[in-house]
Structures are given as C-alpha cells and as structure tokens.
Amino acid sequence: MIRTLLLASAALLPAVAHAQEAYPSRPVRVFVGFPAGTSADIVARIFTARLTDHFKRPFVVENRLGMAGNLATQAAFRSPADGYTLAGTTVANTISASVYRTLGYQFADDFAHVARVAIAPNVLVVSPTLGVTSVKALIELARAAPRGKMFFGSAGVGTAPHLSGELFNMMTGAQLTHVPYKGNAQGLIDLSEGRISLVFAPAPTLAAFTQDNRVRALATTAARRPSFLPDLPTLGESGLPGFDTAIWYGFAAPRGTPAAIVSTLSEALVRATEAPEVREQLRRAAADPYPLGGEDFTRFVRDDVAKWAKVVDFAQVRPE
Numbered sequence: 033m034i035r036t037l038l039l040a041s042a043a044l045l046p047a048v049a050h051a052q053e054a055y056p057s058r059p060v061r062v063f064v065g066f067p068a069g070t071s072a073d074i075v076a077r078i079f080t081a082r083l084t085d086h087f088k089r090p091f092v093v094e095n096r097l098g099m100a101g102n103l104a105t106q107a108a109f110r111s112p113a114d115g116y117t118l119a120g121t122t123v124a125n126t127i128s129a130s131v132y133r134t135l136g137y138q139f140a141d142d143f144a145h146v147a148r149v150a151i152a153p154n155v156l157v158v159s160p161t162l163g164v165t166s167v168k169a170l171i172e173l174a175r176a177a178p179r180g181k182m183f184f185g186s187a188g189v190g191t192a193p194h195l196s197g198e199l200f201n202m203m204t205g206a207q208l209t210h211v212p213y214k215g216n217a218q219g220l221i222d223l224s225e226g227r228i229s230l231v232f233a234p235a236p237t238l239a240a241f242t243q244d245n246r247v248r249a250l251a252t253t254a255a256r257r258p259s260f261l262p263d264l265p266t267l268g269e270s271g272l273p274g275f276d277t278a279i280w281y282g283f284a285a286p287r288g289t290p291a292a293i294v295s296t297l298s299e300a301l302v303r304a305t306e307a308p309e310v311r312e313q314l315r316r317a318a319a320d321p322y323p324l325g326g327e328d329f330t331r332f333v334r335d336d337v338a339k340w341a342k343v344v345d346f347a348q349v350r351p352e
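Okay, so the sequence shown: first residue is 33 according to our numbering, each after it adds one.
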C-alpha cells in the first residue's frame, strides 16, 4: 500500500512542476495611478504589451486615480500576493512615502520591487527676463535674492518638479518660493510672461515654449543626459554634483509574491528594454530605457525614499 502511494506521488511530481511553471495561466492586472495618456500610463502600456507578447497571457492596465498615484499602489498592496496583480510604480511612490503618513503600507518594505524600466528627466527652464544663460548664473542670482523675490512653479505640491525646486534651494542656499499650479501649462505661460522665475517641467510640455524662445532651457534633472536632449547639460554637470530628480518608472508586486514569479517578471521586463521598438516608443514619450532589477532595484527604492525624505523635511511639504 505504501509503495503504491509513493509511486502515485512520484507520478504526480511532473504535473505539479508543470503547473508551477505555467505562470501566468490567466490575465494579470497592472494598477496605474495616473490617467490614460500620461507618461506613467504610456510607459506602463509599452511594457505590459511586451509582457503580453512574451507570456502569451494578457497583462491589463487598470487606471486607479487618486492620492497622487497612491490609490493604485494601495489597491495592489491589498491584492493577493500570487503574481496576478502588479503596480506600475514611479518616483511619486518614493516621494509619497514621506509626504503621506496614512497610506497603510511602507512602500520600500511592503512590495517586491520587480524592475525599473525607464527614466525621464524634468528640465530646468527660466524666464528670459532673468537675463541668465547658465545654471551658474542662476545660482548666483538666486542666492542673492531675498525670500519672496524669486518664484518657481510646478504642477503641484509634492510632485517631482516641486521637490526638484526644493532640492535646488537645499543645495544652493537659495530661497525660491514655490507656486503650485494645476498642471504645467499655466505655469509655463506665467514663466514666459515673467511672473515667475523658473520651472522644473517635463520635457514634452516644453516644445511649444522653447522653440519660439519664450522660455530658456538650462539643464536637465537626471544624472545623465537624455538621448533626446543630448546637447542640454545636466544640473550635475552644471555646478550641482549629485543633483538627480529624474522621474523613474517601474513595476512592483505585493510582498510575499513568490520569488520565482518576481524573478521571471524582472528578467522579462529588463530584456524588453533592449528591444529597438521599445526604445523608440520610450523616446517618443521623452523617456530612456534604464533597467534595474532584483536586489539592485530594491536598494534603489530604499535610497530614493531616504533621499526624498530629506527634501520633504527640509521644505516641510504636506499634502494639500
């Protein structure tokens, strides 16, 4: 009898192994915290399409809006850790870890950080009325200006462009005053008309303003020059070494998701960044492939949370 049971169990082992290897066997949901057509949504859809092709199962984006992108991450956190729910994550998550105190989770610790896939810089642009043509000249002017005399705009409190300005204050000793807008367009209009001094803005929003010289681009906020702006220096190259506030895009799964699934997804995402068509799609979205997987991505997330916590505390940022 015992021998018969052992033989039966042995016969089942290949079937069990096959079932474990069959991931995914059904559609995978990917929660994205920003509206359709935004950069976070576009990047998520570029890579979910690649995952769909690779695994021959649908990876379906669901836009869950609210709490500066955190409603989507919250939905993923509350989902089963079985590999069938992912979150499209961004720099907004590492910023929010310090800005929002009641998320119900710790972003660095309560997720398996699958892979970073791309980055996109903001661009430091100034009003031509300032009369500066370099970051060095801007720093000198900003340091000399008393509080309330120079203003910088952003698309809202707690966003990466806002905290880019606060990091500029922190690193230079300037006292620029933040002016939040509901989106980028009005801030750029005010900048072009000299009502504010500078803006950190996403590259795609700037074309109409820089082409006719209504605003002047000085530098990008990433650690390296983007492929689509090769002639524009970084802030690090321009006198602020270590200044890096690039917007990054990645994917995460709820903590407890099987390590084999996380590894499989990570490998597929990192490999997808090498595809020429993906690189071209990212370029059109003003982003560059910048893959990071496994423990390297987890360390990056922890470091990013710590970096933004210092800026949030310095600027005393609180959610609106």
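The beta carbon of each residue, even a glycine, is placed where N, CA and C say it ideally should be.
What you are looking at is a predicted structure, and each value in this text was computed from that prediction instead of being measured.
Find out if the Cβ-Cβ distance for the pair residue i, residue j is shorter than 7 Å.
i	j	result
VAL247	ILE228	no
LEU173	VAL164	yes
ALA150	VAL75	yes
VAL93	VAL62	yes
PHE91	LEU83	yes
GLY219	GLY185	yes
VAL237	ALA113	Residue identity check: residue 237 is Thr in the sequence provided, not Val. For THR237 and ALA113, no; Cβs fall outside 7 Å.
PHE79	PRO56	no
SER270	ALA254	no
LEU208	VAL158	no
THR121	SER196	no
Would you mind reading off the limits of the beta strand (DSSP E) that contains residue i?
i	result
ASP320	320-325
VAL60	60-64
PRO212	209-212
ALA144	143-152
GLU172	From DSSP, GLU172 is part of no beta strand (DSSP E) but of the alpha helix (DSSP H) over 167-176.
ASN95	91-95
PHE232	230-234
GLY219	It is not in any beta strand (DSSP E) - GLY219 instead sits in the alpha helix (DSSP H) that spans 217-224.
ARG248	248-252
Looking at the secondary structure, which residues open and close the alpha helix (DSSP H) in which residue i lies?
i	result
GLY197	192-204
GLY69	That residue, GLY69, is in no alpha helix (DSSP H); it is neither H nor E in DSSP.
THR126	123-131
GLN183	The sequence given here places Phe at residue 183; Gln does not occur at that position. Taken as a continuous stretch (DSSP letters only), PHE183 belongs to no alpha helix (DSSP H), being part of the beta strand (DSSP E) at 183-186.
THR105	102-109
Who are the Cβ neighbours of residue i in its own chain at under 8 Å, not counting the five residues just before and after it?
i	result
GLY325	VAL146, ALA147, ARG148, SER298, GLU299, LEU301, VAL302
GLY356	Residue 356 lies beyond the range of the chain shown here (33 to 352); nothing can be said about it.
ASP142	PHE109, PRO286, ARG287
Quick one: residues in its chain with C-beta nearer than 7 Å to the C-beta of residue i, no 5 flanking neighbours on either side, listed in chain order?
i	result
ARG12	The requested residue 12 is not part of the displayed model; the chain covers only 33 to 352.
SER259	ARG315, ASP320
MET202	VAL343, PHE346
For residue i, I'd like the list of residues in its chain whose CB is within less than 6 Å of its CB, leaving aside the five on either flank, ordered along the chain.
i	result
PHE66	ALA72, ASP73, GLY101
LEU118	VAL62, PHE283, ALA285
ALA177	none
THR330	HIS145
Since residue i contacts residue j with CB under 8 Å, what's their CB separation in whole angstroms?
i	j	result
ASN245	PRO160	7 Å
ASN125	PRO234	Their Cβ separation, rounded to whole angstroms, is 17 Å, which puts ASN125 and PRO234 out of contact at 8 Å.
VAL123	VAL344	Actually they are not in contact, since the Cβ atoms of VAL123 and VAL344 sit about 13 Å apart, beyond 8 Å.
From the beta carbon of residue i, is the nearest beta carbon of chain C less than 7 Å away?
i	result
ALA251	Reference to chain C is not applicable here, since this structure consists of a single protein chain.
Does the segment 248-266 come close enough to the segment 137-147 that 3 or more CB-CB pairs lie under 8 Å?
no
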